[in-house]
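Q:
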């Protein structure tokens, strides 16, 4: 029986359910209390101990059915490795085609090159410049916005802390000699980044995701990242890896709709239904990185933005095209979202990303 | 039944536990009964996640009832601290005690006077400590997703060995580990370390027959016909992609509201007037009104 369970756990791991050894141990313990030969009991013993969230349940069901109907684990493995996606450097090479290699800067003059690069449009960079920019991203540490919390800490000023005051009085023979105080402890406010990875955003999506990686690395517990395109993908877990290239590689594998179309309204609705309304967007600074090219119904997008505005503390819209001279937000999508946006900023260059980081910090 | 299940754990198997729960008016499905049975048998906390109003908290109450154990409930919120969850010293009474000892000129040395200050009677037990002292008990940690990371980490420590050490008093250990039920509405992802120590169960909306059975069971005055219609209408509402799909709690509220109005069956007019019992968002109400409440009532 132990062998069967271990083999099943292996199948499950291939299917993407993190069945860790202690969970497997728990499943064995659970089976000791149930009928080992009963299919239903085995199903529940595994599901209750090996799964850790609603996302795991479908995978578990599929793996369970496959495994106990005698199929080889390989089938479920094939299922999970279907989306072979871009490698670490792929999005860097996937330039817009505007990049002119002829005017690649002489990197010997590094300091001034850095400065020039900071203001260059990411979308029109040559592969060499992008390579350089990657190193600049490593230096970016976005500061988190703060909010007061309900948790309090001892302080020299602020409201009187009765428990500490009396406790110190007890030490002094029951005499209150000094008042103790406490104040609210500030906590980082949640930041939610929604990055558009549709075809029209391809030149910028890589830089945006690098920015997202820097934000997640700076505040892993209070930052959430999703990509939007034709569907919603949560990337927070992938981006928690320390190394930016590996984090992006993992992200690339997780994003099924890279360079596809855009259905902003629908995907935003999916985000609000599944995550936002429950709490992820509540009181958070929500940053949407998109050019607002909506192929669906702009009305739906506007509606969802109003809904987002009601939940979030602040809504920041990052549009790379805003950095171009003479840009006017005339597309239907942008027209629909602007009334619900608190800060409308550009996101086309390193300097713009530094600015964005400041906007998020002060939001 | 299987060896290894002691008398203390009560029911001999999931089916028996399900029957006992049904007797109290809580109708679990197979998975939930297995989960609750394993929680009792393995002394492992039960982590229940699911939409609001599917009966997570009610399960803890039903389990307390069938095991005859007292229920201790801890409602979580952000900033929940050990002094509200675990224990606190009653400083006011300690001060009074000190003053009284002074006034009575008790000739005790300072050491014993100090020791008497930290006596059990000056300790205010909060839900977690009460659950351990009151062993065996049922501990309900409600809406853990509302608490913050600090509290989660602290709970982790408690759930792994069911002991609390109070520096001035010593270690307090539960004779029998309490049956712990944690609930979450998933407003936030709870840390994996906490989930790993628990049995995880996702509670979905009940199917039609079970919903009718639950309505009939909890609201015996409601007619069979009305219960079936409410269950069907609620099921329809859940398919409409609403902001807040109604749970079993809302279905019960609705049936109660209809019954209070003297309804024996659901008609479009009554449904329109009582929609506020099931739908809690203006957008949802507008949506259903646009569709016409007749669609809900339709056979």
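Chains as they are written, first to last, in this note's numbering: chain A, 348 to 710; chain B, 108 to 406.
We treat Cβ as the ideally placed atom computed from N, Cα and C, and that holds for glycine.
Treat the numbers as computed from the prediction; the structure is a model and nothing was measured.
Looking at C-alpha atoms only, which residue of B:371, B:366, B:368, B:338 is the closest neighbour of residue 403 (chain B)?
A: B:338
Q: Is the CB-CB distance between residue 181 (chain B) and residue 263 (chain B) below 8 Å?
A: Against a cut-off of 8 Å, the Cβ pair of residue 263 (chain B) and residue 181 (chain B) comes out as no contact.
Q: By the 10 Å Cβ neighbour count, where 16 or more other Cβ atoms means buried, how is residue 194 (chain B) classified, buried or exposed?
A: Around the Cβ of residue 194 (chain B), a 10 Å sphere holds 16 or more other Cβ atoms; the residue is buried.
Q: Looking at the secondary structure, which residues open and close the beta strand (DSSP E) in which residue 573 (chain A) lies?
A: 570–575
Q: On the three-state DSSP scale, how would you describe residue 279 (chain B)?
A: strand
Q: Which bits of chain B does residue 395 (chain A) rub up against, with CB to CB less than 8 Å?
A: 138, 141, 142, 145, 306, 307, 308
Q: Any beta-carbon of chain B closer than 8 Å to the one on residue 527 (chain A)?
A: No, residue 527 (chain A) lies away from the interface with chain B (no Cβ there is under 8 Å from its Cβ).
Q: Got a sec, what are the start and stop residues for the beta strand (DSSP E) residue 691 (chain A) sits in?
A: 690–692
Q: Tell me, which residues are paired with residue 291 (chain B) by DSSP?
A: B:156
Q: Whole angstroms are fine: how far does the CA of residue 489 (chain A) sit from the CA of residue 532 (chain A)?
A: Linking residue 532 (chain A) to residue 489 (chain A) through their CA atoms gives a straight-line distance of about 21 Å.
Q: Tell me, to the nearest whole angstrom, how far the beta carbon of residue 303 (chain B) is from that of residue 637 (chain A); I am working on the premise that it is less than 8 Å.
A: Actually they do not touch by this definition, with Cβ atoms about 37 Å apart.
Q: So, do the segment 468–487 of chain A and the segment 497–517 of chain A have three or more beta carbon pairs nearer to each other than 8 Å?
A: no
Q: Short of 8 Å in beta carbon distance, which residues of its chain neighbour residue 644 (chain A), apart from the five on each side in sequence? Order them along the chain.
A: 612
Q: Just to confirm the assignment, what range does the beta strand (DSSP E) spanning residue 539 (chain A) have?
A: 538–543
Q: Report the three-state DSSP secondary structure of residue 382 (chain A) (helix, strand or coil).
A: In this structure, residue 382 (chain A) counts as coil in the three-state DSSP scheme.
Q: Keeping to the same chain, check which residues put their C-beta closer than 7 Å to that of residue 242 (chain B); ignore five residues upstream and five downstream.
A: Setting aside the 5 residues that flank it on each side, residue 242 (chain B) is surrounded in the same chain by 281, 282, 283, 285, each with a C-beta closer than 7 Å to its C-beta; the list follows chain order.
Q: Work out the CA separation of residue 164 (chain B) and residue 488 (chain B) for me, nearest whole Å.
A: A query on residue 488 (chain B) cannot be resolved here, the shown segment of chain B reaching from 108 to 406 and no further.
Q: Since residue 397 (chain A) and residue 407 (chain A) are thought to touch, with beta carbons under 8 Å apart, how far apart are those beta carbons, to the nearest angstrom?
A: Between residue 407 (chain A) and residue 397 (chain A) the Cβ distance is about 7 Å, and since that is below 8 Å, they are a contact.
Q: With a floor of 4 residues, list each alpha helix (DSSP H) that falls wholly inside the segment 580–648 of chain A, ordered by position along the chain.
A: 583–586, 591–601, 611–618
Q: Check the DSSP bridge columns for residue 360 (chain B) and list the partner residues they point to.
A: Beta-bridge pairing links residue 360 (chain B) to no other residue.
Q: Strictly under 8 Å for the Cβ-Cβ distance: is residue 206 (chain B) near chain A by that measure?
A: yes
Q: For the segment 546–566 of chain A and the segment 578–595 of chain A, state whether three or more C-beta atom pairs, one from each stretch, are separated by less than 8 Å.
A: yes
Q: Could you list the residues in the segment 247–276 of chain B with a C-beta less than 8 Å from some C-beta on chain A, going in chain order?
A: 252, 255, 256, 257
Q: Going by the CB atoms, is the gap between residue 349 (chain B) and residue 293 (chain B) shorter than 8 Å?
A: No.
Q: For residue 394 (chain A), does the three-state DSSP call read helix, strand or coil?
A: helix
Q: How many angstroms separate the CA atom of residue 471 (chain A) from the CA atom of residue 667 (chain A)?
A: Computed Cα separation, rounded: 12 Å.
Q: Considering only the alpha carbon of each residue, which of B:300, B:120, B:140 lies closest to residue 260 (chain B)?
A: B:300
Q: Output yes or no for whether 8 Å exceeds the beta carbon distance between residue 392 (chain A) and residue 381 (chain A).
A: yes
Q: Locate the alpha helix (DSSP H) running through residue 531 (chain A), then write down its first and last residues.
A: Per DSSP, residue 531 (chain A) lies in no alpha helix (DSSP H) segment; the continuous beta strand (DSSP E) that holds it begins and ends at 528–535.
Q: Can you tell which of B:141, B:311, B:307, B:358 has its C-alpha closest to the C-alpha of residue 321 (chain B)?
A: B:358
Q: Could you spell out the range, first to last residue, of the alpha helix (DSSP H) harbouring residue 358 (chain A)?
A: 349–361
Q: At which residues does the beta strand (DSSP E) containing residue 663 (chain A) begin and terminate?
A: First-last of the beta strand (DSSP E) with residue 663 (chain A): 661–665.
Q: Which first and last residues belong to the alpha helix (DSSP H) in which residue 147 (chain B) is found?
A: 137–149
Q: Considering only DSSP beta bridges, list what residue 507 (chain A) is partnered with.
A: A:528
Q: Does the count of Cβ pairs from the segment 572–586 of chain A and the segment 486–501 of chain A closer than 8 Å reach three?
A: The segment 572–586 of chain A, when compared against the segment 486–501 of chain A, does not touch it at the 8 Å Cβ threshold.
Q: Look at the alpha carbon of residue 555 (chain A) and the alpha carbon of residue 375 (chain B), and state the distance between them as a whole number of angstroms.
A: 51 Å
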